[in-house]
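> Letter by letter, the sequence shown follows residues 469 to 734 of the working numbering. From the three backbone atoms N, C-alpha and C, an ideal C-beta is built for every residue, glycine too. Note that the coordinates shown come from a computational prediction; the quantities given were computed from them, not determined experimentally. Take a look at this one; I'll ask things after.
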Amino acid sequence: MRDSFFAGRQFASLQAMVQAAETWCVQVAGRRTCRPLGGAQPLAVFQASERPALLPLPPTPFELAAWSTPKVHPDCHVTVAGALYSVPWRLVGRHVDVRATTRLLEVFCDGELVKTHLRVPKGRRQTDWSDYPPEKVAFLERTPAWCRRQAAELGSSVTQLVGELLSGTPSALHHLRAAQGVLRLGDRYGSARLEAACARALAVGDPSYRTVKGILVAGTDTAPPAAQPATARAVPALLHGPAALVGDLAAPLAGADHDDPEGASR
469 MRDSFFAGRQ
479 FASLQAMVQA
489 AETWCVQVAG
499 RRTCRPLGGA
509 QPLAVFQASE
519 RPALLPLPPT
529 PFELAAWSTP
539 KVHPDCHVTV
549 AGALYSVPWR
559 LVGRHVDVRA
569 TTRLLEVFCD
579 GELVKTHLRV
589 PKGRRQTDWS
599 DYPPEKVAFL
609 ERTPAWCRRQ
619 AAELGSSVTQ
629 LVGELLSGTP
639 SALHHLRAAQ
649 GVLRLGDRYG
659 SARLEAACAR
669 ALAVGDPSYR
679 TVKGILVAGT
689 DTAPPAAQPA
699 TARAVPALLH
709 GPAALVGDLA
719 APLAGADHDD
729 PEGASR
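Structural data, given as structure tokens:
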């Protein structure tokens, strides 16, 4: 075709060359008898056996793709081109096949497509919470801000106790699970009992999840506070001066029975 069609020809444009080539293929080359085809015409063979097997063109142009085999991190993400993408948690620790185009990122495991993400720039993160185990999803979605909002709906003592657990940047995440646990106690024991238990824990100076839970389990959240032991004097005698102190010490001795050795010693 190249020798017989292009030889000695000149074309005004690329489009004119394409149109002329298509016409030559159909009208000239396609109607010749072909020995390898048993004397049949290539155009007739194409229309009879090849055209029915043709597939339509894809809706979008072909995209170049880059393949890689990253390892799934413990946080359920893989790193591709400096960005993080989540994958199902069951694949943690395994190597997966990743196909990345300018628009999409596809993750395969053992030849099966397991995750698809839109591409994000370097340094960004694309996370699907459904990729985490259910217990992790609950922990990550119930942020410190969420805990404070929930505590405010349960009572002032719950709010204060949860606020103390989450106070301070270094301890906020460390005590996040404890704050979540305190709020879950409200589902089991009710908001009224949780409010009373938090108030009691604050009163004894131990605003912790373990203390609140222990109060609720023991049922002491509704018990009255323990009575303070009575004292002979609300204010020590020494605060009234030396005379009062000597008088308090001399009175028992003056009234004691001298025949009683224990009385003299009292």
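When you compare each of Thr690, Leu586, Glu531 and Arg558 to Ala551 by their alpha carbons, which one comes out closest?
Ranking the options by Cα distance to Ala551, first place goes to Leu586.
> Assuming Tyr657 is part of the alpha helix (DSSP H), what are its boundary residues?
Unbroken alpha helix (DSSP H) run through Tyr657: Leu644 to Tyr657.
> In the DSSP assignment, what are the bridge partners of Tyr553?
Tyr553 is bridged to Val546 and Gln594.
> Count the C-beta pairs between the stretch 558-565 and the stretch 539-549 that are closer than 8 Å, then say yes if the count reaches three, no if not.
Cβ pair count under 8 Å is three or more, so yes.
> Taking DSSP as the reference, what is the three-state secondary structure of Leu482?
Note: Leu482 maps to helix in three-state DSSP.
> Tell me whether Arg571 sits in a helix, a strand or coil according to DSSP, three-state version.
Reduced to three states, the DSSP call for Arg571 is coil.
> Quick check on the burial criterion: 16 or more other C-beta atoms within 10 angstroms. Buried or exposed for Leu532?
Flag for Leu532 reads exposed.
> For Ser639, does the three-state DSSP call read helix, strand or coil?
With a pLDDT of 48 at Ser639, under the threshold of 50, the predicted position of this residue should be treated as unreliable, though the coordinate-derived value follows. Ser639: helix per DSSP, three-state reduction.
> Which residue from Glu580, Leu629, Gly658 and Thr690 puts its Cα closest to that of Arg678?
Nearest C-alpha to Arg678: Leu629.
> Under 8 Å between the Cβ atoms of Leu622 and Leu662?
Result yes, Cβ atoms of Leu622 and Leu662 sit closer than 8 Å.
> Across which residues does DSSP place Asp565 in a beta bridge pair?
Asp565 is bridged to Phe576.
> Helix, strand or coil: how does DSSP classify Ala465 here?
Past the boundaries of the shown model lies residue 465; the chain is included only from 469 to 734, so the question cannot be answered.
> Would Leu505 and Val513 qualify as a contact pair, given that the criterion is a beta-carbon distance under 8 Å?
Yes, they are a contact pair.
> Could you name the residues that DSSP lists as bridge partners for Ala534?
DSSP, once it has assigned bridges, lists Ala568 as partnering Ala534.
> Take the Cβ of Leu684 as the centre, count every other Cβ of all protein chains shown within 10 Å, and call the residue buried at 16 or more, exposed below.
Its Cβ being crowded by 16 or more others within 10 Å, Leu684 is buried.
> Given Lys590, which residues of its chain have a CB within under 7 Å of its CB, disregarding the five upstream and five downstream residues?
Cβ within range, chain order: Ala549, Gly550 and Ala551.
> If you draw a straight line from the C-alpha of Ala646 to the C-alpha of Cys577, how long is it?
Straight-line Cα distance between these residues: approximately 37 Å.
> Can you find a C-beta in chain D that's less than 8 Å from the C-beta of Glu531?
Although the question refers to chain D, the structure presented lacks it and comprises just one protein chain.
> So is Leu572 buried or exposed if we call it buried at 16+ other beta carbons inside 10 Å?
Classification for Leu572: exposed.
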